[in-house]
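The sequence shown: position 75 = 318 (this note's numbering), numbered continuously. Don't be surprised by glycine CBs; every beta carbon is placed ideally from N, CA and C. Just so you know, these numbers come straight off a predicted model, no measurement behind them.
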Amino acid sequence: MSESSASPTKPVQALIVVDMQSAFVTGDGAVPQAARVLDRTTDLITRAREAGALVVQLQNDGEPGSVDEPGTPGWRIHLPTDPDRGEKVLRKSVDDGFEETGLAELLAEAGVHALAICGVQSEMCVLATARTALELDFRVVLPHDAHATYDIPAAEGISDVVPAAMASRVAEWALGDEVEIVARAQDVDFTKPLA
Numbered sequence: 244m245s246e247s248s249a250s251p252t253k254p255v256q257a258l259i260v261v262d263m264q265s266a267f268v269t270g271d272g273a274v275p276q277a278a279r280v281l282d283r284t285t286d287l288i289t290r291a292r293e294a295g296a297l298v299v300q301l302q303n304d305g306e307p308g309s310v311d312e313p314g315t316p317g318w319r320i321h322l323p324t325d326p327d328r329g330e331k332v333l334r335k336s337v338d339d340g341f342e343e344t345g346l347a348e349l350l351a352e353a354g355v356h357a358l359a360i361c362g363v364q365s366e367m368c369v370l371a372t373a374r375t376a377l378e379l380d381f382r383v384v385l386p387h388d389a390h391a392t393y394d395i396p397a398a399e400g401i402s403d404v405v406p407a408a409m410a411s412r413v414a415e416w417a418l419g420d421e422v423e424i425v426a427r428a429q430d431v432d433f434t435k436p437l438a
C-alpha cells in the first residue's frame, strides 16, 4: 500500500464525493466524524473547482423507509454542486459508485486518469467505489481524514464494538498496494482533466 503523510501527491483530475447526504453527516444519525469529513470534503471540493478538476457527487438511493430513501430530507446531497462547472450528481442503489451510473464513461470522456475519493461510509460505498476505480486502472488517492463510517456493533460470540476510526482504517488497508493513502486531505493536489 502506498501511504504518505508528509508530502503532497501527484495531482489528480477528479474528485469523487461519496454519499455526503444529510442523513449521514447531520443530526443524531451522522457518522461520528461528520464535522471533520464535512470540513475536509468542502476544502477538497473548493480546491478541485479552483484547479478546474471534475467534481462528481454520488447519491445513494436507499430502500423505502430508510434514512436515505429518495425524496426524503436525509437523502439530499448536503454539499451543493455547481452544474455550471460541469459538476454531476450520479444516483446509485448499490455500494459501488461505478455500477450502472455512467461514472466510468463520464471520467473517460473528461480525460480523467487519476482521482481522489472522499465521503461515507468507509467500508461500504467508499471502499467499493475505490476498488472498482483501481480495477479500471484509475490512479486512486484516498485522503484518510476525508472519509468516515459508523461504529460496527458488537456481535455476540464474535467481537465487541469496532470503533468507527478502526473500521475506516481497515477499509483503507483492504484496498491493497495500489491505492495512495494520504493522511490529510490538504495534501491532495488537483489539475484539469486531459480532455
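For R319, there is no enclosing alpha helix (DSSP H), as DSSP marks it with neither H nor E. In terms of Cα proximity to P316, the closest of D282, F381, E348 and N303 is N303.
Excluding sequence positions up to five before and after L333, its CB lies within less than 8 Å of the CB of V299, Q300, L301, Q302, G340, T344, G345, L346 and L349, all in the same chain and listed in chain order. Here D311 is buried: its Cβ has 16 or more other Cβ atoms, across all protein chains shown, within 10 Å. For Q276, the three-state secondary structure derived from DSSP is coil. Residue pairing by DSSP places F267 in no beta bridge whatsoever. In the three-state DSSP reduction, A376 falls in the helix class (H, G or I). With contacts defined by Cβ atoms closer than 8 Å, A371 and D338 form a contacting pair. Considering only I320, G308 and T375, the residue with the shortest C-alpha distance to E342 is T375.
At the C-beta level, L287 and C361 come within 8 Å of one another.
Unbroken beta strand (DSSP E) stretches of 3 residues or longer found wholly inside the segment 282-310: 297-303, given in chain order. In the three-state scheme derived from DSSP, where H, G and I count as helix and E and B as strand, H356 is classed as coil. The beta-carbon distance between A414 and V404, rounded to whole angstroms, is 17 Å. This is too long to meet the 8 Å contact definition. DSSP places V405 in no beta strand (DSSP E); its state is neither H nor E.
Note that the C-beta distance between S365 and S411 is below 8 Å. In the structure shown, the three-state DSSP call for E423 is strand.
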